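Heads up, the thing below is written out as structure tokens.
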Amino acid sequence: MALKDRITADMKTAMKAGEKERLATIRLALAAIKQREVDERITLDDAQVLAVLDKMIKQRREAITQFQSGGRADLVAKETAEIGVLQGYLPSQMSDAEIDELITQSIAAAGASSVKDMGKVMALVRPKAQGRADLGAVSARIRQKLS
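In terms of numbering that gives the first Met the number 0, the sequence shown has 111 at position 112, counting the first letter as 1, and numbering is strictly consecutive.
Right, here's the structure in full:
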């Protein structure tokens with residue numbers, strides 16, 4: 000079953016079960032997916048749907064930091080709950096050891112020796128880590144290893 004179809008099926012299940020918060024989050028995800036499909040005039044595959052969900056989670060994490068600094072615990076809880084729902088559609092997260100191994104392999108494959116080669120390394124890492132790791136943190140680790 001395609002990821003988009005699974006999300007749609009979960010929306011129907013949430014409607015029937017009366018889970019309002021979960022339903023709202025799933026509708027937001029489907030709206031973001033549909034928006035990208037309409038904008039680009041394509042049908043998204045699973046990898047592209049994962050990228051949309053990953054972007055939504057990143058937006059929520061950024062919002063949480065803003066709400067925490069503003070003292071809005073109610074909104075922090077709402078955003079955290081949304082992240083929980085969205086993460087249910089992502090593949091299992093990579094461990095630190097797996098990330099380090101992937102980075103080491105990618106640096107060797109790209110023949111990278113300095114921070115100037117970071118783009119080449121990220122181009123190799125991104126497809127394998129998309130949706131399974133925070134690419135911002137991965138990027139920082141690559142920079143650290145190359146410097």
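Every residue gets a Cβ at the ideal spot worked out from N, C-alpha and C, and that includes glycine. These numbers were taken from a predicted model, which means no experiment stands behind them.
In this model, Glu-81 and Ala-46 are separated by some 20 Å (Cα to Cα). In the DSSP assignment, Lys-115 falls outside any alpha helix (DSSP H), carrying neither H nor E. Comparing alpha carbon positions, the residue from Ala-76, Gln-104, Arg-60 closest to Asp-133 is Arg-60. Of the residues Met-55, Val-51, Ala-31, Thr-79, the one whose Cα lies closest to the Cα of Ile-63 is Thr-79.
In the three-state scheme derived from DSSP, where H, G and I count as helix and E and B as strand, Leu-49 is classed as helix.
Looking at the backbone, the Cα of Lys-11 and that of Gly-69 are separated by about 35 Å. Sorting Gly-87, Asp-73, Glu-36, Ala-111 by C-alpha distance to the C-alpha of Arg-21 places Gly-87 at the top. Per the C-alpha coordinates, the member of Arg-26, Ser-138, Leu-74, Ile-98 positioned closest to Leu-52 is Arg-26. Rounded to whole angstroms, the Cβ separation of Asp-116 and Ala-109 is 6 Å, and the two are in contact under 8 Å. When the Cα atoms are used, Ala-128 and Gln-92 turn out to be separated by approximately 9 Å. Between the alpha carbons of Ile-56 and Ala-72 lies a gap of roughly 18 Å.
DSSP places Leu-145 in the uninterrupted alpha helix (DSSP H) bounded by 134-145. DSSP, read as helix, strand or coil, puts Gly-17 in coil.
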